[in-house]
Amino acid sequence: MENIISGKWLLLVHQIPPKPDSFRMKIWRRLQQVGAVAIKQSVYAMPFSDQSREDLSWILREIIEGGGDGSIIEARFVEGLTDKQVISLFQNARKADYEKLIQDAGLLLSKWSAKHDNPEEPMVKGPAQPARLQRRLDEIAAIDFFKAPERGTAEILVKDLTVRLSDEPSLEAVIKERIDHMKGKIWVTRENLFVDRMACGWLIRRFVDSEAAFKFVSGAHYTPEKGEVRFDMFDGEFTHEGDRCTFEVMIQRFQLQDKALVTLAEVVHDIDLKDGKFGRAETDGLNALLTGLTASRSDDNQRMAEGAQLFENLYAYFQRHRES
203 MENIISGKWL LLVHQIPPKP DSFRMKIWRR LQQVGAVAIK QSVYAMPFSD
253 QSREDLSWIL REIIEGGGDG SIIEARFVEG LTDKQVISLF QNARKADYEK
303 LIQDAGLLLS KWSAKHDNPE EPMVKGPAQP ARLQRRLDEI AAIDFFKAPE
353 RGTAEILVKD LTVRLSDEPS LEAVIKERID HMKGKIWVTR ENLFVDRMAC
403 GWLIRRFVDS EAAFKFVSGA HYTPEKGEVR FDMFDGEFTH EGDRCTFEVM
453 IQRFQLQDKA LVTLAEVVHD IDLKDGKFGR AETDGLNALL TGLTASRSDD
503 NQRMAEGAQL FENLYAYFQR HRES
């Protein structure tokens, strides 16, 4: 991706004739294709770069040739709208694109895994389908100027689809390699642990690296050193994606297909995000236990160790009482 100048933007301000509607729709689609976002009616923003200037210049020419008018402006936001808010607009636009791709890839994976499907039939498992998804992923990534968090999940799913159609190692081998690559790392997160970070620590030592070392830092921002991996913190390699907590993201990234683990993640989600999405009966009990643990233990290493035992016990409970 071309280098972007931080804090500087290109704005396209335009007027388009009210008729025909097809022309207005054409310009809107062109703006979507290059990754521009609307910050006000008829005002579209792009990150400052030569490619953005070229893309907007071509669109402006189309507007003028269609009887409209407009200007391209170099801008910095001084008051009102902030750079962070504008970046969020770009990330939210790509979030929707990635989520649709993730949904389509997940449906295809489910279909290929269904027992009644013959994986050799072209209509069921043809190379054109993952190739089409890969093209969509490449198109979205090309205008993902600020690395939307959902990109990682989309890349993993498309990769998994491709692996199933090639002579590359099996999906299980790819997952094992991914986990083995994370062994020996130092896992960095914010201090003053609570539910999501404790759950992630348990998952790391339970499924990734039993000898994993943890490092607790103050503040949301931290630049990792060699061999360090950040989780549940700003810009972390593993952190919240959309409406999913870090624990849910880790399960997805490591492709841990375990129903008891997914059920446990529902409890962690509701405690961490406080949105009552799943409403499991065990949520209030675990929340009370973890609240008591944090009240009685100020040392994060103790919280991690004692919290891990709580998660291990609840995981064992869900394994025994798997829902049909």
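Numbers 203 to 526, taken from the working numbering, label the letters of the sequence shown in order.
Backbone N, C-alpha and C define an ideal beta-carbon position, used for all residues, glycine too.
All of these numbers come straight from a predicted model, not from anything done at the bench.
Item checked: contact_flag[the segment 277-287, the segment 333-344] where n(CB pairs < 8 Å) is 3 or more -> no
Notebook entry, point to check: Who are the Cβ neighbours of residue 397 in its own chain at under 7 Å, not counting the five residues just before and after it?
Noted result: 470, 473, 474 and 492
Next item on the list: Report the three-state DSSP secondary structure of residue 326 (helix, strand or coil).
Entry: Residue placement at residue 326 is poorly supported in this model, since its pLDDT is 46, which falls under 50; the coordinates still yield a value, given next. It is coil, neither helix nor strand.
Notebook entry, point to check: Which residue from 384, 421 and 432 puts its Cα closest to that of residue 413?
Noted result: Closest in C-alpha terms to residue 413, from the list 384, 421 and 432, comes 384.
Next item on the list: Ignore the nearest five residues each way along the sequence and tell me which others in residue 239's own chain have a CB closer than 7 Å to its CB.
Entry: 246, 247, 291, 292 and 295, listed in sequence order.
Notebook entry, point to check: How would you write the range of the alpha helix (DSSP H) that residue 499 sits in, first residue to last?
Noted result: Neither: residue 499 is in no alpha helix (DSSP H) and is coded neither H nor E.
Next item on the list: Would you kindly check if the distance between the Cβ of residue 300 and the Cβ of residue 358 is under 8 Å?
Entry: no
Next item on the list: Report the rounded CA-to-CA distance for residue 269 versus residue 277, giving the unit in angstroms.
Entry: Cα-Cα distance, rounded: 26 Å.
Item checked: Backbone CA spacing between residue 468 and residue 235 [nearest angstrom] -> 36 Å
Notebook entry, point to check: By DSSP, does residue 243 sit in helix, in strand, or in coil?
Noted result: coil
Next item on the list: Classify residue 400 as helix, strand or coil using the three-state DSSP reduction.
Entry: helix
Notebook entry, point to check: Quick check: the segment 430-445 against the segment 488-503, are there 3 or more CB pairs under 8 Å?
Noted result: no
Item checked: Contact belief for residue 403 with residue 416 at Cβ below 8 Å, rounded distance in angstroms -> 6 Å
Notebook entry, point to check: Taking the alpha carbon of residue 452 as the point to measure from, which residue in 352, 523, 347 and 271 has its own alpha carbon closest?
Noted result: 352
Notebook entry, point to check: So the beta strand (DSSP E) residue 276 belongs to, where does it begin and stop?
Noted result: Start and end: 271-277.
Next item on the list: Identify every residue that forms a DSSP beta bridge with residue 177.
Entry: The question about residue 177 has no answer, for the chain in this structure spans 203 to 526.
Item checked: Proximity below 8 Å, CB of residue 259 to CB of residue 274 -> yes
Checklist line | DSSP beta-bridge partners of residue 222 | finding: DSSP lists no partner for residue 222.
Checklist line | Where residue 249 sits in the DSSP three-state scheme | finding: strand
Check: Sorted by chain position, which residues of the same chain lie with C-beta nearer than 7 Å to residue 458's C-beta, five sequence neighbours on each side aside?
Finding: 409
Check: What's the C-alpha gap between residue 386 and residue 407?
Finding: 11 Å
Check: On the three-state DSSP scale, how would you describe residue 439?
Finding: Shown here, residue 439 sits in coil according to DSSP, grouped into three states, outside any helix or strand.
Item checked: CB of residue 271 within 8 Å of CB of residue 217, strictly -> yes
Notebook entry, point to check: Leaving out the 5 sequence neighbours to the left and right, which residues in its chain are closer than 7 Å to residue 495 when beta-carbon positions are compared?
Noted result: Within the same chain, 505, 508 and 509 come within 7 Å of residue 495 by CB-CB distance, once the 5 residues on both sides are set aside.
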